[in-house]
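A short write-up of the structure that comes next.
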Amino acid sequence: MTIKQSLTWATTQLKETCERPQYEAELLLAHHLNKDRMYLITHDDKALEDVENYQALIQRRVKHEPYEYILGEASFYDIHLAVEEGVLIPRPETEILIDLVADIIEKEHITYIAEIGVGTGAISIVLARKFPALQSVATDICDAPLRVAQKNIETFILQNQITLRKSNLIDEVSEPVELVVSNPPYIAEDFLLESNVVDYEPKEALFGGRVGDELLKQIIVDVKARGIKWLACEMGYDQKEPLSAFVNELGVKSIQFYKDLAGFDRGFVIEFF
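Residues 11 to 283, numbered by the working numbering, are exactly what the sequence shown covers, in order.
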């Protein structure tokens, strides 16, 4: 079977699974061969070695396993991060959160932050690369994210800037933090997710409680109680009104909501008194 024939077969297999079957077929074949996609075009008549392994990769994707788990890495912002099952795959919309936080760090001359729910380490790593003097303590309640985040931190040689800690929210954080950033679980327990998400990605990183905003509210309360000035979080598209009411009752200096690229409400930045 040639490279061209293999791609034709794989594209057909993936038609019911993903929006861009040919593109993903090419990406998986490039990964399989450890070549770039241009190689597939210039060598399309070349016999494909180890066809069975490539077909196995395609069958994993047919079963809705996320592309990033199959490759073991995710593209995010301007970097590639190691990722594995049990660790949330970083999403493009989180890049908006990072840019908003970066603006605050720059304007307020912030030198110490905390991240709740480190996942792959995406947020802390990108911010550390932007601000070489920034110190971060990043928490998670699960071992897998802490292990993967440590691997990514070491890849980018950021051990001197980012400290990982197993903790519920910021319970174990005693450092003089000036800002907290988080992409926490915010999905309601009864919300129906696509099979590639619910069957593979960690539920503890997705579901925020019966309503979905319970953990977000707890983070807001905890950050306010600690006297930390800034909090920036992602949230669900339908949580602006309940969170706005909650924050107004709690009492803060200001809350600004922001939208994602699709125009949905996606997060907020709070400044506390």
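The beta-carbon is built from N, C-alpha and C at its ideal position, and this holds for glycine as well.
Endpoints, beta strand (DSSP E) assigned at residue i
| i | result |
| --- | --- |
| residue 144 | From DSSP, residue 144 is part of no beta strand (DSSP E); its letter is neither H nor E. |
| residue 264 | 264-269 |
| residue 99 | Counting along the chain, residue 99 falls outside any beta strand (DSSP E), and DSSP gives it neither H nor E. |
| residue 151 | No beta strand (DSSP E) contains residue 151, which DSSP labels as neither H nor E. |
| residue 277 | 275-281 |
Proximity to residue i [Cα-Cα], best of the options
| i | options | result |
| --- | --- | --- |
| residue 170 | 184, 151, 138 and 125 | 138 |
| residue 224 | 246, 241, 236 and 239 | 246 |
| residue 98 | 153, 45 and 235 | 153 |
| residue 24 | 281, 67, 251 and 271 | 67 |
| residue 145 | 187, 74, 12 and 27 | 187 |
| residue 12 | 147, 58 and 168 | 58 |
| residue 141 | 120, 158 and 251 | 120 |
| residue 16 | 36, 148, 26 and 45 | 36 |
| residue 88 | 184, 136, 189 and 22 | 136 |
| residue 179 | 230, 158 and 267 | 230 |
| residue 95 | 118, 233, 55 and 157 | 157 |
| residue 184 | 148, 61, 165 and 254 | 148 |
| residue 125 | 106, 266, 189 and 44 | 189 |
| residue 110 | 243, 260, 122 and 56 | 243 |
| residue 19 | 44, 53 and 62 | 62 |
| residue 254 | 235, 277 and 238 | 277 |
| residue 260 | 117, 233 and 75 | 233 |
| residue 143 | 128, 127 and 112 | 112 |
| residue 174 | 27, 60 and 160 | 160 |
| residue 42 | 237, 252 and 65 | 65 |
Opening and closing residue of the alpha helix (DSSP H) in which residue i lies
| i | result |
| --- | --- |
| residue 169 | Per DSSP, residue 169 belongs to no alpha helix (DSSP H) and is neither H nor E. |
| residue 38 | 31-43 |
| residue 190 | No alpha helix (DSSP H) holds residue 190; the beta strand (DSSP E) holding it covers 189-192. |
| residue 128 | Premise fails: residue 128 is in no alpha helix (DSSP H) and is neither H nor E. |
| residue 51 | 47-52 |
| residue 13 | 13-24 |
Cβ distance (whole Å) where residue i is taken to contact residue j below 8 Å
| i | j | result |
| --- | --- | --- |
| residue 91 | residue 132 | 6 Å |
| residue 9 | residue 241 | This structure leaves residue 9 out entirely; the chain is present only between 11 and 283. |
| residue 129 | residue 194 | About 10 Å separates the two Cβ atoms, so there is no contact after all. |
| residue 80 | residue 107 | Rounded, the Cβ-Cβ distance is 26 Å, inconsistent with contact. |
Burial state of residue i, where buried means 16 or more other Cβ atoms lie within 10 Å
| i | result |
| --- | --- |
| residue 71 | buried |
| residue 249 | buried |
| residue 271 | exposed |
| residue 163 | buried |
| residue 150 | buried |
| residue 51 | exposed |
| residue 192 | buried |
| residue 201 | With a pLDDT of 47 at residue 201, under the threshold of 50, the predicted position of this residue should be treated as unreliable, and no value is reported. |
| residue 30 | exposed |
| residue 264 | exposed |
| residue 215 | Reliability of the predicted coordinates at residue 215 is poor, the pLDDT of 49 falling under 50, and the value obtained from them is presented with this limitation in mind. Looking at its Cβ environment, which holds 16 or more other Cβ atoms inside 10 Å, residue 215 is buried. |
| residue 172 | buried |
| residue 283 | exposed |
| residue 102 | exposed |
| residue 22 | exposed |
| residue 167 | exposed |
| residue 34 | buried |
| residue 235 | exposed |
| residue 86 | buried |
| residue 78 | buried |
| residue 205 | Residue confidence is low: residue 205 scores 49 on pLDDT, short of 50, so the model does not pin down where it sits. Its coordinate-derived value is still stated next. Exposed, because fewer than 16 other Cβ atoms sit within 10 Å of the Cβ of residue 205. |
Residue i: CB within 8 Å of a non-hydrogen atom of the ligand FAD
| i | result |
| --- | --- |
| residue 274 | Here there are no bound small molecules, and the ligand FAD is not part of this structure. |
Any C-beta of chain B under 9 Å from that of residue i
| i | result |
| --- | --- |
| residue 29 | This model lacks chain B altogether; it includes just one protein chain. |
* Whole runs of the alpha helix (DSSP H) within the stretch 61-91, excluding any shorter than 4 residues -> Runs of the alpha helix (DSSP H) inside the stretch 61-91: 61-72 and 77-81.
* Asked: Which residue spans inside the stretch 222-251 form an unbroken alpha helix (DSSP H) run of at least 4?
  -> Within the stretch 222-251, the complete alpha helix (DSSP H) runs of at least 4 residues are 224-235.
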